[in-house]
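Residue numbers (the working numbering), protein chains in the order written: chain U, 43 to 262; chain L, 43 to 262.
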DNA sequence: GCATCGTGTTACTTACCGGTAACACACATC
DNA sequence: GATGTGTGTTACCGGTAAGTAACACGATGC
């Protein structure tokens, strides 16, 4: 591994990015490169030398910008959170006041985003598998993020007036996480395609008049 | 799956396992140790030296039993499949002929197993995140396994008489994978607790007389 | 008695990894 | 022109990884 698709890749010396914008700093190039490589190949599979090299610089400059690889990872994860909530808010904003539409829009967006060829699931979710149990500075970022996802989904379920809002919210979280994970195994025609319909079913079920009562139709 | 809860664990040197059975071979000890370490810490985080040492032997004996670490990983994954289907069949067997009860039992078993302290989710699902894209011999094991999970769930959904069996099966797969993945972030009171109820809801929804029609109750 | 098999031991190679030291150079600003 | 800042370069450290060579030893079986 670490072959790595080579993005623009310059020869060796810097003096490449100067084109138009205010001369992208090394730090920014490194971070941007790290984001791509981490997402595509995983945290442990990508070394700092590979990142620096791919960013058109070297390891020394890397360590002038970041105290350690672990800290870069933590910062990467924090950045991913930010991006994630921007996406979330963008899905939800057009339907303010209609939590059901918000949930549906969220999952529609989720499906179409996660089915894209470039998707490799959820960076935060993937990271938790690669990070050693306790210590790593990235762990708490992940845990905090997933807790917030859970809380937001539960909150939307509450706003909808679901009979058991926490259960509905948690079920939706399961659906979402399952979608992310299966994206790595199945190609774009994976089970995630069913997520959008499932959400609607689940909401209906939680809104229906009686509590999932007797329609137990004993299979013919 | 794979109990993993640290079995006997000996001091350091071999000469331990001889107790009663026909003198457990080095290969078996290595494999057993690898199973535990891989599951607990991940594939990349565990080196062959660590495995050999923990098994009370050394790297040389390791390479006399296994051609390479990658091959060991592939074999580990194959073994995990076997264990998994044994567990699955054990859940389902008591309710032969009643696919709905089978699905419910499966998910009840899934929840209680995955909530155990020793659980670190699905070894196959975790592995897919750690394995480089194409080449690794373990990849096809994982893909084949996940495809079979999907197929079995769809089949059960079909037997139930679900209106859209493929959709139901896929949704259940999402739920399951989501449960495995969230297990790594949340402790035992995570969203997976909702999986058992969600299954029943989804089945009801797929069995209900009309297609999720009008009960659209616009949140009062 | 001899060969083979399974295993242990020590030592090694090659490669990579995260991280650092020391030095050089170009440019921008005062 | 001096100074400082940002950057590149070369070389290195200590650690660990996967994988191998050569040798030793005890048990088993012919």
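Glycine included, every Cβ here is placed at the ideal spot set by N, Cα and C.
request  = Go ahead and pull the three-state DSSP assignment for residue 157 (chain L).
outcome  = For residue 157 (chain L), the secondary structure class from DSSP, reduced to helix, strand or coil, is coil.
request  = Measure from the alpha carbon of residue 78 (chain L) to the alpha carbon of each residue in L:201, L:196, L:127, L:164, then state which is nearest.
outcome  = Of the listed residues, the one whose Cα sits closest to residue 78 (chain L) is L:164.
ask   = With 9 Å set as the bound, which would you pick, yes or no: does the beta-carbon of residue 171 (chain L) sit closer than that to a beta-carbon of chain U?
value = It does: the Cβ of residue 171 (chain L) has a partner Cβ on chain U nearer than 9 Å.
ask   = How would you call residue 349 (chain L), buried or exposed, if buried means at least 16 neighbouring beta carbons within 10 angstroms?
value = The requested residue 349 (chain L) does not occur in the structure, where chain L is confined to residues 43 to 262.
ask   = Are any of the Cβ atoms in chain L nearer than 9 Å to that of residue 178 (chain U)?
value = With 9 Å as the cut-off, residue 178 (chain U) does not count as an interface residue toward chain L.
inquiry  = Less than 9 Å between the C-beta atoms of residue 176 (chain L) and residue 249 (chain L), yes or no?
reply    = Note that the C-beta distance between residue 176 (chain L) and residue 249 (chain L) is not below 9 Å.
key: Helix, strand or coil at residue 80 (chain L) according to DSSP, with G and I counted as helix   = In the three-state reduction of the DSSP assignment, residue 80 (chain L) falls in the helix class.
key: Short CB-CB distance (under 9 Å) between residue 168 (chain U) and chain L   = Chain L has a Cβ within less than 9 Å of the Cβ of residue 168 (chain U).
request  = Quick one: list the residues of chain L neighbouring residue 239 (chain U), beta-carbon separation under 7 Å, in chain order.
outcome  = Contact annotation for residue 239 (chain U) against chain L: 209 [CB-CB distance below 7 Å, chain order].
key: For residue 111 (chain L) and residue 210 (chain L), the rounded distance between their alpha carbons   = Near 38 Å, if we compare the C-alpha coordinates of residue 111 (chain L) and residue 210 (chain L).
ask   = Apart from the five residues on each side of it in sequence, which residues of its chain come closer than 7 Å, Cβ to Cβ, to residue 76 (chain L)?
value = The residues are 93, 114, 118.
query = How would you list, in chain order, the residues of chain U whose beta-carbon sits under 9 Å from the beta-carbon of residue 228 (chain L)?
reply = Result: 185, 188, 189, 192.
inquiry  = By the 9 Å beta-carbon criterion, what residues does the stretch 81-109 of chain U contribute toward chain L?
reply    = Within the stretch 81-109 of chain U, those residues whose Cβ lies closer than 9 Å to any Cβ of chain L are, in chain order, 82, 83, 84, 86, 87.
ask   = Do residue 184 (chain L) and residue 199 (chain L) have their C-beta atoms within less than 9 Å of each other?
value = Cβ distance not < 9 Å, so residue 184 (chain L) and residue 199 (chain L) don't count as in contact.
key: Local conformation of residue 204 (chain U) per DSSP, three classes   = Here DSSP, grouped into helix, strand and coil, assigns residue 204 (chain U) to coil.
request  = Have a look at L:206, L:225, L:231, L:218 and flag the residue whose alpha-carbon is nearest the alpha-carbon of residue 130 (chain L).
outcome  = Checking every option, the nearest Cα to that of residue 130 (chain L) belongs to L:218.
message = If you reduce the DSSP assignment to three classes, tell me which class residue 110 (chain L) lands in.
response = Residue state for residue 110 (chain L) is assigned as coil, using DSSP reduced to three classes.
ask   = In three-state DSSP terms, what is residue 251 (chain L)?
value = In the structure shown, residue 251 (chain L) sits in coil (DSSP, three-state: anything other than H, G, I, E or B).
query = If we count the other Cβ atoms within 10 Å of its Cβ and call it buried at 16 or more, is residue 128 (chain L) buried or exposed?
reply = It is exposed - the Cβ of residue 128 (chain L) has fewer than 16 other Cβ atoms within 10 Å.
request  = Grab the span of the alpha helix (DSSP H) containing residue 168 (chain U) for me, first residue to last.
outcome  = Annotation for residue 168 (chain U): the continuous alpha helix (DSSP H) segment containing it runs 165-172.
query = What are the start and end residues of the alpha helix (DSSP H) that includes residue 90 (chain U)?
reply = From DSSP, the alpha helix (DSSP H) with residue 90 (chain U) extends over 90-96.
query = Taking C-beta to C-beta, are residue 133 (chain U) and residue 152 (chain U) nearer than 9 Å?
reply = Their beta carbons are under 9 Å apart, which means residue 133 (chain U) touches residue 152 (chain U) by this criterion.
query = At a cut of 8 Å, does the stretch 89-105 of chain U reach the stretch 139-151 of chain U through at least three beta carbon pairs?
reply = Here the stretch 89-105 of chain U makes no contact with the stretch 139-151 of chain U; the two share fewer than three CB pairs at distances below 8 Å.
Cα-Cα separation between residue 232 (chain U) and residue 70 (chain L), rounded to whole angstroms = Computed Cα separation, rounded: 37 Å.
query = At a Cβ threshold of 9 Å, is residue 200 (chain L) touching chain U?
reply = It does not: the Cβ of residue 200 (chain L) has no partner Cβ on chain U nearer than 9 Å.
Nearest-angstrom Cβ-Cβ length linking residue 216 (chain U) and residue 221 (chain L), presumed shorter than 8 Å = 6 Å between Cβ atoms; contact.
message = Quick check: is the beta carbon of residue 236 (chain U) nearer than 9 Å to any beta carbon in chain L?
response = At least one chain L Cβ lies under 9 Å of residue 236 (chain U).
key: Beta carbon of residue 263 (chain U) nearer than 9 Å to that of residue 155 (chain L)   = Outside the displayed range of chain U (43 to 262) lies residue 263 (chain U), so it cannot be described from this structure.
inquiry  = For residue 213 (chain L), which residues in the same chain have their Cβ closer than 7 Å to its Cβ, ignoring the five residues on either side in sequence?
reply    = Cβ within range, chain order: 244.
message = Counting C-beta neighbours from all protein chains within 10 Å, is the total for residue 81 (chain L) 16 or more, i.e. buried, or is it exposed?
response = Burial check for residue 81 (chain L): the Cβ neighbour count within 10 Å reaches 16 or more, so the residue is buried.
query = Of the residues U:235, U:225, U:240, U:205, which one's Cα is nearest the Cα of residue 251 (chain U)?
reply = When only C-alpha atoms are compared, the closest one is U:205.
ask   = Under a CB-based cut-off of 9 Å, is residue 247 (chain U) close to chain L?
value = Yes - at least one Cβ of chain L is within 9 Å of the one on residue 247 (chain U).
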